[in-house]
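Report on one structure; see the data block that follows.
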Amino acid sequence: MELTAHTLLLPLVLAALLHTTTATVDDATRGLNGGLSLRMVPSPGWNSTIHVDDDGFLHLKEPVGHDTTALRPHVRFLPGKYNVVTTVGTGHGRRTYTLAMEMTSSLTWMQCAPIQHPFQQVPPPFHPRTSPSFRHLAPTNRLCSPPGHNVCRFHVTPIHTGGVHASGVLGDETLSFTGSTPAVFPTVIIGCAHSSTGFDSHRVLAGVLGLGKTYPSLVPVLLQRHGLHRFSYCLFVPRSANRHGFLRFGNDIPVDTRRMKSTRILYPEDSSYFVNLNGISIAETRLGGNLAEVFRRRQLADGKWHSGTVIDVGTSRSVMIEAAYSVLEQTLAEHGRRLLPVRRTSSGLCFRATHSHFSQLPTVTLHFEQDLVLTPNKLFVVREQDICLAVSPSQDITIIGAMQQVGTRFVYDLAASRVYFAPENCNDDTGEHD
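Structure follows, in structure tokens:
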């Protein structure tokens, strides 16, 4: 079977240096006390190419050599990934890597030697031959794609056009994490990628940590094996390079979901976190058209799935199915034209704005079963004199990305099939690392 993004959805990239003193799986289970927290860190780029000013908006700085006069989508430089650090392997092959959190796939994968056209990472790619705990999966395993080879191969395809492709071989390996309780998990299925395209490593990341809700994701490992059913994160804007947040499980989640809004998680057989988006409002005025039907996930005549809405911390900024995006952009342009000159880049909407205009930008409300309100600083980014919409059109699907989740606590309850959300100062749920 092919490991598509529809069948493998993972949300979170782990990043935190792991201690050498860790518990065994059984010891970690006894030490969980109903909860576990892993360190979560933003990708490199904050404070150098992106920062949050006193106005509360993200401000982008173009890379050196970029043509600042070109009409290009300013938001293309938004880093926006959140990560977790894990130690992979044992013995001489043991290495500590930073993996990007990804909720649209259930497979954890990383570059492995030998690799074609490698992307830059730190440290060098994992070499399974040097780790005595690495074992190839049998070529008859149901996860192998395509079947019939002498080794178990995999191929990951993205959930939307322009995403990441990766292929290689499947094996199981020991992964170690640090956090509230250091823990070692043997026989975790990982993909050793010998080829990949479209992955932005920020010159550091080694691959993806799969946190979808189906096997072989790390989520079932941490939740089902230990009698837990919830995980949570609160994405923060880093004010300094030595701050980390937390990916929390079970009783380590510091909120009461009875006081939060929620919506149902759809399609339990799919690893992605699909939700039902019924419509959109701008400045408390509901957009026209049958957007509920536009957002509805459906199967086409060729058997492929189209549209639907997912929540994914691994997508930097939101994308929206094209028919709905056109209505959103047109309405925002009409609203902004009363206040500001409008500029259209090659793939987005921008306003020529000063700080005095920021407070006049509208809020956008996403109508799930209960509403999620996006303030202007979650919709727009600033570059020089322009403020630009940080949402892009998509031919395939709608994804609520990381930028639109900043400053909101999300709790995924897999037993109840619900995701809960509420505004929170996420910087209050951070720690300091060396």
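Residues -23 to -1, 1 to 411 in mature numbering (1 follows the signal peptide of the UniProt record, and there is no 0) are what the sequence shown lists, from first letter to last. Glycine residues also receive a C-beta, built at the ideal position from the N, C-alpha and C atoms. Just so you know, these numbers come straight off a predicted model, no measurement behind them.
Ala160 is bridged by DSSP to Phe154.
Buried is the label assigned to Asn354, since at least 16 other Cβ atoms lie within 10 Å of its Cβ. The three-state secondary structure of Asp348, taken from DSSP, is strand.
According to the DSSP assignment, Leu326 belongs to the beta strand (DSSP E) that extends over 325 to 329. Nearest to Ser249 by alpha-carbon distance, out of Leu338, Asn118, Ile376, Gly408, is Ile376.
Counted as a single uninterrupted DSSP element, the stretch harbouring Ala367 is not any beta strand (DSSP E), since DSSP gives it neither H nor E. Following the DSSP letters along the chain, one finds Val18 in no alpha helix (DSSP H) but inside the beta strand (DSSP E) bounded by residues 12 to 19.
In terms of CA proximity to Ile259, Leu343 leads the group Ala393, Leu343, Val99, Asp32. In its chain, beyond the 5 residues on either side, Lys190, Thr191 have a beta carbon closer than 8 Å to the beta carbon of Pro197.
Contact annotation: the region 388 to 403 touches the region 202 to 213, with at least three C-beta pairs closer than 8 Å. Cβ-Cβ distances below 8 Å link Pro102 to Met87, Gln88, Cys89, Ala90, Ile92, Pro95, Ala183 in the same chain, with the five nearest sequence neighbours on each side left out; the list follows chain order. Only residues of its own chain outside the window of five on either side were considered, and among them Phe213 have a CB closer than 6 Å to the CB of Asn404, listed in chain order. When DSSP states are grouped into helix, strand and coil, Gly313 belongs to the helix group.
At the C-beta level, Ile364 and Ala330 come within 8 Å of one another. Leu195 places its beta carbon 8 Å or farther from that of Leu13. In chain order, Ala367, Val368, Ser369, Thr375, Ile376, Ile377, Gly378, Met380, Gln381 place their CB closer than 8 Å to the CB of Ser295, counting only its own chain and leaving out the 5 sequence neighbours on each side. In the structure shown, the three-state DSSP call for Lys281 is coil. Short of 6 Å from the beta carbon of Gly33, and not among the five residues preceding or following it, lie these beta carbons of its own chain, in chain order: Asn354. The Cβ atoms of Asp149 and Arg112 lie closer than 8 Å to each other. By alpha-carbon distance to Leu35, the top candidate from Thr407, Thr352, His410, Glu409 is Thr352. Across the set His28, Gly187, Met17, the C-alpha of His28 shows the shortest separation from the C-alpha of Glu361. With a threshold of 16 other beta carbon atoms within 10 Å, Arg130 meets it and is buried.
DSSP places Tyr302 within a helical segment (H, G or I) once states are collapsed to three. Taking the Cα positions, Thr67 is about 17 Å away from Leu147. When DSSP states are grouped into helix, strand and coil, Met380 belongs to the helix group. Assignment of beta-bridge partners to Met297 by DSSP yields Pro370. One Cα belongs to Glu79, the other to Phe176, and the distance between them is close to 12 Å. Between Asp247 and Leu188, the alpha-carbon positions lie close to 12 Å from each other.
Within 10 angstroms of the beta-carbon of Ser173 lie 16 or more other beta-carbons, which makes it buried. With a cutoff of 8 Å on beta-carbon distance, Thr85 and Val165 are scored as near each other. In the DSSP assignment, Ser122 falls outside any alpha helix (DSSP H) and carries neither an H nor an E. Here Leu15 is not near Val185, since their CB atoms are 8 Å or more apart. Spanning the alpha carbons of Arg106 and Cys169 requires a straight line of approximately 11 Å. Ranked by Cα distance from Phe223, the options Thr155, Val161, Thr286 are led by Thr155. Judged by DSSP in its simplified three-state form, Asp233 adopts coil rather than helix or strand. Taking the Cα of Asp233 as reference, the smallest distance to any Cα among Lys38, His104, Glu401, Met17 is reached at Glu401.
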